[in-house]
Every structure is written in C-alpha cells, then in structure tokens.
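Chemist:
Protein chains: 2
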Amino acid sequence: MNEILGGGGFHHIALSTKDIDASIKFYTEILGFKETISWGEGKKRIVMLDSGDNSCLELFADGVDIMPEGVFKHVALRTKDVRKVFERVKNADVTIITEPKDVVLSDTNATIAFFKGLDGEIIELFQNN
Amino acid sequence: MNEILGGGGFHHIALSTKDIDASIKFYTEILGFKETISWGEGKKRIVMLDSGDNSCLELFADGVDIMPEGVFKHVALRTKDVRKVFERVKNADVTIITEPKDVVLSDTNATIAFFKGLDGEIIELFQNN
Numbered sequence: 083m084n085e086i087l088g089g090g091g092f093h094h095i096a097l098s099t100k101d102i103d104a105s106i107k108f109y110t111e112i113l114g115f116k117e118t119i120s121w122g123e124g125k126k127r128i129v130m131l132d133s134g135d136n137s138c139l140e141l142f143a144d145g146v147d148i149m150p151e152g153v154f155k156h157v158a159l160r161t162k163d164v165r166k167v168f169e170r171v172k173n174a175d176v177t178i179i180t181e182p183k184d185v186v187l188s189d190t191n192a193t194i195a196f197f198k199g200l201d202g203e204i205i206e207l208f209q210n211n
Numbered sequence: 083m084n085e086i087l088g089g090g091g092f093h094h095i096a097l098s099t100k101d102i103d104a105s106i107k108f109y110t111e112i113l114g115f116k117e118t119i120s121w122g123e124g125k126k127r128i129v130m131l132d133s134g135d136n137s138c139l140e141l142f143a144d145g146v147d148i149m150p151e152g153v154f155k156h157v158a159l160r161t162k163d164v165r166k167v168f169e170r171v172k173n174a175d176v177t178i179i180t181e182p183k184d185v186v187l188s189d190t191n192a193t194i195a196f197f198k199g200l201d202g203e204i205i206e207l208f209q210n211n
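Same order as they appear, the protein sequences are chains A and B. With the first sequence counted from 1, adding 82 to any position gets you our numbering. With the second sequence counted from 1, adding 82 to any position gets you our numbering.
Right, dumping it as structure tokens:
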C-alpha cells in the first residue's frame, strides 16, 4: 500500500503501435490479455488491454515505424511459468532477445526471458521462484 | 486473472536514470514508492522501487542524457486523489504537461494529470471516479 498515492500500482502503460489490430491479437491470443475499453478512431484509436490484475497496456494506434527504446527500457510481465509462456511467444512474430534463464537478483530467485514485440517494445517475462 | 500467464500484471517497468539517487529520492519522497532490492554498482546499479502493490519501477543507473519518449509513451500510476498528489509533484523538479482534469474514457470517469520526470519519463496520475 502506497500511503501517498492512496493505493498505488500501475493503472496502465501506454504503447505506440503501427498496426493496433495486430498488437491486440498478439497480446490477447498469445499472452492472454483481455480487451476492456476503447475509444477514438483511426490514428487516434486507443484500446485498453487488461494484463490480468486490472493493470493494462494502453495501445495507441499512432505508431509510425519501429520506435526507439526510450527512457522506459522494458516492461516485465508477471507469470507463474516463464518457460511455458516463452514457447507460445517463440511461435509468434517476435524477436527473441534472451531465452529463459534462472537468475539471482539480490536475494530474489527468478526465471526471466526477454523478447521484442511487434513495435520494438522490449517485454520481459518474470517468474519469482 | 490471466490464465495464460498464470497471474499477470506488471512485475516491473524499467526506467533509465542519469542520477539514480535523485530519482530514488523523487519516487520515494514525493510519490511514496518504497525501495525493495538493489544490486550492481556504478552505471550498472539497479534499484527496485515498489509502487504500492508489489509492481515496481526498476531504476537503472545507465541513463546518459534526457532520453526519447520511445515505444512506451508513458506510465500511469493509480491514485485515489490526483489533485492532492499533483500538489506534491508541482513542488518538485518536474515539468508539468497537463494539470488535473476530469475526463470520460469510453464509459470510465477518471481524473488524470501528466508530468515529465527527471529523465524525461512521462508519468500520468490516474484516478477512477
């Protein structure tokens, strides 16, 4: 609980896409996100996809090309089984960066993997062990 | 609940910082985040800050200058009171983008505000009404 925010957590992370329908298909069919609300049309279309705990990816249809990494380097999705999810991702149109591996981060044991999505966004799969 | 991921939600969002101590100070003192784990030294230092529900900002000390917006456009923090939090933010070393305003997104009533943090990261404050 974050006393200053009153709650806390990420309500959403905004992602630019150049083909919003392809991105909706990827995040829903391959990664199990669920569309909640949407508004706007054409290049101004915006769609919220629930990642599983009410935190959403907010897809914008305003992407024009492969976009740079930017100040936000990557987003890590919480999963119970990185290796199982990674098998789904490998068969999709993404670029693998790091195959699943076990790591120790300070006192935390985790399994992680990285890939680059349809618009160059770097997504990490993160499993606490 | 995301059946494919097994759980879901964002474990963390990675942010490049050019002065990681200044960024830790901003997110903890102004926005109520709490440091959890850290590892590495110098430009390879990494610090996890819990946003309030176990979802973290992962600060990297590798930032070199003001970085571009990138494919991830912004991150929205869940709060119960945008206007109250915004008063704290206004007094910090940030650039205001949008003062608090009430909006309707599809069927969702919300209050939102935007500012740019120490490294050019765009942060939204998001309150469901």
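From the three backbone atoms N, C-alpha and C, an ideal C-beta is built for every residue, glycine too. Since we're looking at a predicted model, the values are computed, not measured.
For A/Val167, which residues in chain B fall below 9 angstroms Cβ to Cβ?
Modeler: As a position in the first sequence, residue 167 of chain A is number 85, starting the count at 1. In chain order: Ile86, Leu87, Gly88.
Chemist: Name the chain A residues that come within less than 8 angstroms of B/Thr190, Cβ to Cβ?
Modeler: As a first step, residue 190 of chain B is located in the second sequence; it is residue number 108 there, counting from the start. Result: Ile119.
Chemist: If you follow the alpha helix (DSSP H) that A/Arg127 is in, where does it begin and where does it stop?
Modeler: Counted from its first residue, the first sequence places residue 127 of chain A at position 45. Segment: none, A/Arg127 is in no alpha helix (DSSP H) and carries neither H nor E.
Chemist: For the alpha helix (DSSP H) containing B/Ile106, name the first residue and the last one.
Modeler: Walking along the second sequence from the start, residue 106 of chain B turns up at place 24. From DSSP, the alpha helix (DSSP H) with B/Ile106 extends over 102–107.
Chemist: Measuring only the C-alpha atoms, how far is A/Thr78 from A/Lys198?
Modeler: The question about residue 78 of chain A has no answer here: the residues shown for chain A are numbered 83 through 211.
Chemist: May I ask you to list the residues that DSSP assigns as paired with B/Ala195?
Modeler: Position 113 of the second sequence, counting from 1, holds the residue named residue 195 of chain B. Bridge partners of B/Ala195: B/Leu207.
Chemist: Taking 8 angstroms as the threshold (C-beta atoms), are B/Ile102 and B/Leu131 in contact?
Modeler: The residue you call residue 131 of chain B lines up with position 49 of the second sequence. The residue you call residue 102 of chain B lines up with position 20 of the second sequence. No.
Chemist: Under a CB-based cut-off of 8 angstroms, is A/Asp163 close to chain B?
Modeler: Position 81 of the first sequence, counting from 1, holds the residue named residue 163 of chain A. Chain B, which has a Cβ nearer than 8 angstroms to the Cβ of A/Asp163, makes this yes.
Chemist: Quick one: is B/Gly202 near chain A, going by C-beta distance under 8 angstroms?
Modeler: The residue given as residue 202 of chain B occupies position 120 in the second sequence. Closer than 8 angstroms to some Cβ of chain A, the Cβ of B/Gly202 qualifies, so yes.
Chemist: Which residue from B/Glu85, B/Phe154, B/Leu159, B/Gly152 puts its Cα closest to that of B/Leu113?
Modeler: On the second sequence, residue 113 of chain B is found 31 positions in, with the first residue counted as 1. Ranking the options by Cα distance to B/Leu113, first place goes to B/Leu159.
Chemist: Using the rule of at least 16 other Cβ atoms within 10 Å of the residue's Cβ for burial, across every protein chain shown, is B/Gly124 buried or exposed?
Modeler: Your numbering for residue 124 of chain B matches position 42 in the second sequence. That one is exposed.
Chemist: Compare the Cα-Cα distances from B/Ile119 to each of A/Arg127, A/Asp189, A/Thr193 and report the closest residue.
Modeler: Within the second sequence, residue 119 of chain B is the residue found at index 37, counting from 1. The shortest Cα separation from B/Ile119 among A/Arg127, A/Asp189, A/Thr193 belongs to A/Asp189.
Chemist: In the DSSP assignment, the alpha helix (DSSP H) including A/Glu169 goes from what residue to what residue?
Modeler: One-based indexing of the first sequence puts residue 169 of chain A at position 87. 164–172 is the extent of the alpha helix (DSSP H) around A/Glu169.
Chemist: State the Cα-Cα distance for the pair B/His94 and A/Lys155, rounded to the nearest angstrom.
Modeler: Locating residue 94 of chain B in the second sequence gives position 12, counting from the first residue. Locating residue 155 of chain A in the first sequence gives position 73, counting from the first residue. Roughly 11 angstroms separates the two Cα atoms.
Chemist: List, in chain order, every chain B residue whose beta-carbon is nearer than 9 angstroms to that of A/Ile95.
Modeler: Here residue 95 of chain A is taken as the residue at index 13 of the first sequence, counted from 1. Near A/Ile95 (Cβ distances below 9 angstroms), the residues of chain B are Phe92, Ile95, Phe154, Lys155, His156, Val157, Ala158.
Chemist: When we look at the beta-carbon of A/Asp135 and count the other beta-carbons within 10 Å, is it buried (16 or more) or exposed?
Modeler: Residue mapping note: residue 135 of chain A aligns to position 53 of the first sequence, counting from 1. It is buried - the Cβ of A/Asp135 has at least 16 other Cβ atoms within 10 Å.
Chemist: Quick check: what's the CA-CA separation for A/Ser133 versus B/Asp184?
Modeler: As a working note, residue 133 of chain A is residue 51 in the first sequence. As a working note, residue 184 of chain B is residue 102 in the second sequence. Answer to the nearest angstrom: the Cα atoms are 25 angstroms apart.
Chemist: With 8 angstroms as the threshold, decide whether the Cβ of A/Ser137 is near any Cβ in chain B.
Modeler: Indexing the first sequence from 1 puts residue 137 of chain A at position 55. So yes, A/Ser137 belongs to the interface.
Chemist: By DSSP, does B/Glu181 sit in helix, in strand, or in coil?
Modeler: Here residue 181 of chain B corresponds to residue number 99 of the second sequence, with the count starting at 1. Residue state, collapsed to three classes: strand.
Chemist: Sort out for me which residues DSSP pairs B/Asn84 with in a bridge.
Modeler: The sequence position of residue 84 of chain B within the second sequence is 2, counting from 1. Answer by DSSP bridge pairing, in chain order: B/Gly89.
Chemist: Determine whether the Cβ of A/Glu151 lies closer than 8 angstroms to any Cβ atom of chain B.
Modeler: For the purposes of this step, residue 151 of chain A is taken as the residue at position 69 of the first sequence. True, the Cβ-Cβ gap to chain B drops below 8 angstroms.
Chemist: Considering only C-alpha positions, which residue in the set B/Phe108, B/Gly89, B/Thr99 is nearest to B/Asn173?
Modeler: If you number the second sequence from 1, residue 173 of chain B lands on position 91. Of the candidates B/Phe108, B/Gly89, B/Thr99, the one whose C-alpha sits nearest the C-alpha of B/Asn173 is B/Phe108.
Chemist: A/Ser133 touches chain B at which residues, Cβ-Cβ below 7 angstroms?
Modeler: One-based indexing of the first sequence puts residue 133 of chain A at position 51. Those within 7 angstroms of A/Ser133 in chain B are Asn84, Gly90, Gly91, Phe92.
Chemist: Report the partner residues of A/Leu159 according to the DSSP bridge assignment.
Modeler: Translated into positions along the first sequence, residue 159 of chain A becomes position 77. BP columns for A/Leu159 point to A/Leu207, B/Phe92.
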